[in-house]
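In the numbering used here, the protein residues as written are -6 to 407.
Where a beta carbon is used, it is the ideal one built from N, C-alpha and C, also for glycine.
Spelled out as C-alpha cells, the structure:
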C-alpha cells in the first residue's frame, strides 16, 4: 500500500513538473524564436530603407573589426532590378560572380517575384526577403535563414540538455521528498497494522474464555443459576475486561478535535484533585505490601479537564502499584517550579531500560515481556494522550537507585 502510494505520489509530482517544464521551455523557445525572427526582419527593414551600397561598406568594416551596423554580421545581400534596362545588380556578395551563381540569383529573383507578399520566405532557397518598389527599380533585400535556423537548433539542443538534467535533478529531489513526506504515513500505517494485530490478539483470550464458559453452561441445561455462578462470574469478568478495552480504544481513536470538544477545560485546583485521587491508593498499597508516600504542595492551579486529570493520576498510580516490588514505597509528588506544576510518580520495580523506554507510551506495549501482570498495555498510551491534550510534557527516568520516575509538567494557571 505504501509503495503504491509512494509510486503514485512520485508520478503525480513528476507529471506536474514535466508539464511545468514543457510550458516553460515552450515559452522560452517561442520567445527566442520571435526574438530571432524580429531581429531578422529588423535587418531586412534596416537595409531596405538605406542605399544598397551601404551593405558593402558594412561588410568591409566588419572584416576589420569595425561594425557600423548591428546587422553587419548577418548573411545579407541585395538584388536591384532595373525595369528600364531589364538588369539585375547585386550588392553585398562577391564582386566576381560565377555563371552558376548568376543562375542561382536569377532563380531566386524569379521565385521571389512569384510571391504575392512584400515580406516573406522563399522556402526552396531558405531565404527571407523584403521587397520594395522604387523609381524605375525593384529592390529586394535577402537574409539567409541558415544562421537563424542554426541559432534555434543550437538553442533547442541546449534547452533539451538543460531540461533533461533539470528533470533528472527534480526526479532525485522528488524521490527524497516522497521518502520524507510519506514517512509519517508509513509510520501511521505500520502502527495501524500493529494496532489491528494487537487488538485481535487481546480479544482472543476473553472471547475464548466466554465461549468456553458458555459451552460448559449449555452442557448442563437443567442446572440452576446458582450452580453455574462460577462460570457466569468468569463470563462477567471477561465482559468487563472487554468493555474496558473497547472504552480505552474508543478514547484513543478520537481525534484531538473530538477530544477537545468533549472535554471542557476550566481552572482546576490541581493540588486538591491529586490529593483526592491519591489517598484511596493507600489501601491498595497496603494490600500489596507497599507503602504510600505523597507530598502535595497546596494551591497549585492549572487549566484542564478534571475527569481526564483524575484518570491521568489513577493511571500512573495504578501503574506504580502494579509494578513496584513488595516492601517498597510508591511516591507521589506535586510541586511548583517557576511557572510550572510538576507531578511525579515513583516506584521501585524492575528497571526500564532505554530501549523499552522508547516504546513505553505506545499502545499495547508492556515492558514485562513475560506478561506477568494483567492489563492491555493501554494505560500509559491513554496517559500520553491526556498529557498532550493539556499541552503538558512527560518524561521517564529509571534506575536501581532512584527507581522508575514518571514526571509530568503542566503550565500553571495564574
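Own chain partners of residue i with C-beta closer than 7 Å, once the 5 adjacent residues on each side are dropped
| i | result |
| --- | --- |
| residue 385 | 401, 402 and 403 |
| residue 270 | 303, 306 and 307 |
| residue 38 | 123 |
| residue 30 | none |
| residue 58 | Low local confidence applies: a pLDDT of 44 at residue 58 is under 50, so the model's placement there is unreliable, and no value is given. |
| residue 164 | 7 |
Spatial distance of residue i from residue j (CA atoms)
| i | j | result |
| --- | --- | --- |
| residue 323 | residue 212 | 47 Å |
| residue 267 | residue 387 | 17 Å |
| residue 91 | residue 72 | 16 Å |
| residue 35 | residue 145 | 17 Å |
| residue 171 | residue 407 | 45 Å |
| residue 338 | residue 317 | 11 Å |
| residue 60 | residue 138 | Only weak support is given to the placement of residue 60: the predicted model assigns it a pLDDT of 44, under 50, and the value that follows is read from those uncertain coordinates. If I take the Cα positions, the gap works out to 21 Å. |
| residue 42 | residue 22 | 30 Å |
| residue 118 | residue 99 | 12 Å |
| residue 15 | residue 159 | 12 Å |
| residue 262 | residue 299 | 9 Å |
| residue 215 | residue 202 | 22 Å |
| residue 33 | residue 136 | 7 Å |
| residue 74 | residue 94 | 16 Å |
| residue 277 | residue 314 | 8 Å |
| residue 187 | residue 238 | 16 Å |
| residue 181 | residue 312 | 27 Å |
| residue 224 | residue 232 | 12 Å |
| residue 25 | residue 17 | 12 Å |
| residue 140 | residue 177 | 56 Å |
| residue 367 | residue 161 | Per-residue confidence for residue 367 stands at a pLDDT of 49, beneath the threshold of 50, marking its modelled position as unreliable; the derived number appears in the next sentence. Each residue's Cα considered, the two are about 56 Å apart. |
| residue 321 | residue 293 | 28 Å |
Delimiting residues of the alpha helix (DSSP H) encompassing residue i
| i | result |
| --- | --- |
| residue 164 | 138 to 174 |
| residue 265 | 263 to 271 |
| residue 306 | 299 to 316 |
| residue 342 | No alpha helix (DSSP H) holds residue 342; DSSP gives it neither H nor E. |
| residue 372 | 372 to 382 |
| residue 1 | -5 to 41 |
| residue 258 | Careful: residue 258 lies outside any alpha helix (DSSP H) and carries neither H nor E. |
| residue 403 | First-last for residue 403: 396 to 404, but that is the beta strand (DSSP E), not the alpha helix (DSSP H). |
| residue 347 | 347 to 350 |
| residue 355 | Counting along the chain, residue 355 falls outside any alpha helix (DSSP H), and DSSP gives it neither H nor E. |
| residue 46 | Looking at the DSSP string, residue 46 is not in any alpha helix (DSSP H), and its letter there is neither H nor E. |
| residue 293 | Counting along the chain, residue 293 falls outside any alpha helix (DSSP H), and DSSP gives it neither H nor E. |
| residue 276 | 274 to 280 |
When the options are compared against residue i, the one with the closest alpha-carbon
| i | options | result |
| --- | --- | --- |
| residue 157 | 329, 289, 10 and 283 | 10 |
| residue 45 | 32, 293, 130 and 244 | 130 |
| residue 380 | 295, 319 and 311 | 295 |
| residue 332 | 405, 305 and 262 | 405 |
| residue 200 | 227, 371, 185 and 98 | 227 |
| residue 290 | 328, 309 and 183 | 328 |
| residue 142 | 264, 68, 82 and 204 | 68 |
| residue 133 | 82, 147 and 177 | 82 |
| residue 259 | 112, 301, 128 and 335 | 301 |
| residue 197 | 235, 382, 19 and 293 | 235 |
| residue 356 | 341, 348, 372 and 342 | 372 |
| residue 221 | 210, 341 and 374 | 210 |
| residue 240 | 342, 383, 375 and 335 | 375 |
| residue 77 | 128, 27 and 110 | 128 |
| residue 281 | 264, 28 and 342 | 342 |
Span of the beta strand (DSSP E) around residue i
| i | result |
| --- | --- |
| residue 127 | 120 to 127 |
| residue 331 | Unbroken run through residue 331: none, as it is neither H nor E. |
| residue 286 | 284 to 289 |
| residue 73 | 69 to 75 |
| residue 386 | 386 to 392 |
| residue 96 | Residue 96 -> not in any beta strand (DSSP E); alpha helix (DSSP H) instead, spanning 92 to 106. |
| residue 81 | 80 to 84 |
| residue 114 | 112 to 115 |
Own chain residues within Cβ distance below 8 Å of residue i, not counting five before or after
| i | result |
| --- | --- |
| residue 1 | none |
| residue 391 | 344, 345, 346, 350, 397 and 398 |
| residue 174 | 2 |
| residue 80 | 74 |
| residue 101 | 72, 115, 118, 120 and 135 |
| residue 353 | 345, 360, 373 and 389 |
Spatial neighbours of residue i in its chain, beta-carbon cut-off 6 Å, leaving aside the 5 residues before and after
| i | result |
| --- | --- |
| residue 179 | -5 |
| residue 287 | 271 and 325 |
| residue 114 | 121 |
| residue 6 | 167 |
| residue -2 | none |
| residue 364 | Residue confidence for residue 364 is low, a pLDDT of 39 falling below 50, so the modelled location carries little weight and cannot support an answer. |
| residue 112 | 123 |
Quiz item: How do the region 94 to 110 and the region 121 to 135 stand: do at least 3 beta-carbon pairs fall below 8 Å, yes or no?
Solution: yes
Practice problem: Could you tell me whether the region 77 to 87 touches the region 148 to 157, where touching means 3 or more Cβ pairs closer than 8 Å? | Solution: no
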